[in-house]
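J.:
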Amino acid sequence: MPNYEKTRSFIRMSHPEIPRPGDDRCRYGDAHFCESWPGIYPSKCKIGIMGWLLSCRQAYVEGIGVLYRTNTIHMSGQTLILNLPQLLLPQRLSAITSLEIVCPLMLYGAEVGAIPEVVLSKTYLSVLASNLPSLTRLYLALKAKGSNARPVDMQSAFKILDEFVLETSLTEFTVSHSHTVFTPLYNAVRNEIAAQHRHQYKTIPEIWRNADGSYILPIYGPNTEPFYKQVETSWPKPPRVGHRTVGADVVGDGYWLVEGEVDNYTPCRFSTVYL
Numbered sequence: 001m002p003n004y005e006k007t008r009s010f011i012r013m014s015h016p017e018i019p020r021p022g023d024d025r026c027r028y029g030d031a032h033f034c035e036s037w038p039g040i041y042p043s044k045c046k047i048g049i050m051g052w053l054l055s056c057r058q059a060y061v062e063g064i065g066v067l068y069r070t071n072t073i074h075m076s077g078q079t080l081i082l083n084l085p086q087l088l089l090p091q092r093l094s095a096i097t098s099l100e101i102v103c104p105l106m107l108y109g110a111e112v113g114a115i116p117e118v119v120l121s122k123t124y125l126s127v128l129a130s131n132l133p134s135l136t137r138l139y140l141a142l143k144a145k146g147s148n149a150r151p152v153d154m155q156s157a158f159k160i161l162d163e164f165v166l167e168t169s170l171t172e173f174t175v176s177h178s179h180t181v182f183t184p185l186y187n188a189v190r191n192e193i194a195a196q197h198r199h200q201y202k203t204i205p206e207i208w209r210n211a212d213g214s215y216i217l218p219i220y221g222p223n224t225e226p227f228y229k230q231v232e233t234s235w236p237k238p239p240r241v242g243h244r245t246v247g248a249d250v251v252g253d254g255y256w257l258v259e260g261e262v263d264n265y266t267p268c269r270f271s272t273v274y275l
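The sequence shown maps to residues 1 to 275 in the UniProt record's numbering.
This is how it looks when you write it as C-alpha cells:
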C-alpha cells in the first residue's frame, strides 16, 4: 500500500505551484486569464476585497459582515488603534472576533536590567476591551525597543495582561515577545519548575501563564512518536494539565507567551486581513 503522507509530501515538493486547500491564494489576487480582459493591469483583474465590496450593493451587503466576522484583522500603529471608535463604525467593531495587533514596548535601563514602559500597552488593551465586545481571539505582539539591558523585568506588563484576561471573554490569547526578551523569561520559568520538581524536563519553548502568576510548560512527547507529534502542543488553545505539561496543577484564566521569530518582527500566526 502506498505511503500517503510521503506521496503527498513528494507532490508538494515537486509541484509547489499547485495550490492546495490550505493555500489561501485569494489574498494574492491570482488571475489566470487576466490578459483576456480589457482594461489596464493590474486593476482590471486584481480588484481586491475593496473592489469586490464596491462592485455592487448586494456584494457589499453580503460581504462586509463576512470580512470582519470571519477573518483575523491585523492592526498596527498608534493612530489607528487609539482612534478605532472614530475610524470604524460600531457595527464593524462589534463584528470583529479575531485580532492581531502590534504594540511597541519601550525598555528603560542602562546596565543590568530593563523596565518596560507599559502605559501604551495598557491603553491599547483598554481600547480593545471597550470597543470589541465580540472579541474571542487575540494575538498581541510586544516589540521591544530602547534599552539593550537584559534581562527585562516583565512583572508590570504581566500585571496589566493578567487584569485584561480576567476582564474579557477571550478563548485564545497569545502574547509574543522579541527573542531577547522571551529567551531569559523562558529560561527562568523552566529553571523554576525544574527546581520545584527536582527534575529537568525537556520542554517546548512556549509558556502558559495563569492570571495568578503560575506557569505551565508543554513537554516533548515520547521518542517513539514522529517528531512533529513530539513537539505538538495545545497552542493556541489552553493546555490540559497532565497532558504533556509540567508546572501549575490548574489551568485558570491566562494566556500563552511565545517568542517572536527575531527582534522587531511579528510572526503572523493566523490568516490575517490587514487594516
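The beta carbon of each residue, even a glycine, is placed where N, CA and C say it ideally should be.
Any idea which residues DSSP pairs residue 220 with across the strands?
T.: None; residue 220 has no bridge partner.
J.: Report yes if the C-beta distance between residue 201 and residue 250 is below 8 Å; otherwise report no.
T.: Result no, Cβ atoms of residue 201 and residue 250 do not sit closer than 8 Å.
J.: At the level of alpha carbons, what is the spacing between residue 142 and residue 92?
T.: One C-alpha to the other measures close to 25 Å.
J.: Could you tell me which uninterrupted beta strand (DSSP E) segments, each at least 3 residues in length, are contained entirely in the segment 114-164, listed from first to last along the chain?
T.: Listed in chain order, they are 137-146.
J.: Let me check one thing: in DSSP terms, what residues is residue 209 bridge-paired to?
T.: Per DSSP, 215, 255.
J.: Short of 7 Å in beta carbon distance, which residues of its chain neighbour residue 265, apart from the five on each side in sequence? Order them along the chain.
T.: With a pLDDT of only 41 at residue 265, under 50, the local geometry of the prediction cannot be trusted, and the value read off the model is given with reservation. Correct list: empty, nothing qualifies.
J.: In three-state DSSP terms, what is residue 51?
T.: The answer is helix: DSSP assigns residue 51 an H, G or I state.
J.: Assign residue 225 to buried or exposed, taking buried as 16 or more other Cβ atoms, counted over all protein chains shown, within 10 Å of its Cβ.
T.: It counts as exposed.
J.: For the candidate residues 79, 109, 117, 66, whose alpha-carbon lies nearest to that of residue 97?
T.: It is 66 whose Cα lies nearest to the Cα of residue 97.
J.: Quick check on the burial criterion: 16 or more other C-beta atoms within 10 angstroms. Buried or exposed for residue 74?
T.: With 16 or more other Cβ atoms within 10 Å, it is buried.
J.: Buried or exposed: where does residue 227 fall if 16 or more other Cβ atoms within 10 Å of its Cβ makes it buried?
T.: Exposed: under 16 other Cβ atoms inside 10 Å.
J.: Three-state secondary structure (DSSP) at residue 242?
T.: It is coil, neither helix nor strand.
J.: If we ignore side chains and look at the alpha-carbon of each, how far apart do residue 55 and residue 63 end up?
T.: Distance between the alpha carbons of residue 55 and residue 63: 11 Å.
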